[in-house]
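First comes the structure, then the notes that go with it.
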């Protein structure tokens with residue numbers, strides 16, 4: 017029998033095939049930023065380095081879409 021997979025972030029067992037492929041469980045995956053998810057999809061073996069990256073600096077204000085600006 018194969019060894020059970022565990023999440024690289026929280027060390028809980030991983031059940032789904034998709035989570036085993038990315039080496040991050042579903043609960044931890046939902047907590048990641050979109051840039052972190054993209055980086056893990058590209059290279060799942062650099063998880064620790066990706067998780068250690070600081071969040072990009074921003075003002076906290078979401079950008080408006082062009083349609084919203086013209087209709088206002």
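Residue numbers (my numbering): 17 to 88.
Each residue gets a CB set at the ideal place from its N, CA and C atoms; glycine is no exception.
Here the structure is a predicted model, which is why all the values come from computation and not from measurement.
Classified as buried, residue 44 has 16 or more neighbouring CB atoms from the shown chains inside 10 Å of its CB. Residue 60 carries a helical assignment under DSSP once its states are collapsed to helix, strand and coil. The shortest C-alpha to C-alpha distance from residue 69 to any of 23, 50, 41 and 77 is the one to 50. The three-state secondary structure of residue 29, taken from DSSP, is strand. Separation of the CB atoms of residue 58 and residue 40 is rounded to 13 Å, and the pair is thereby denied contact status at 8 Å.
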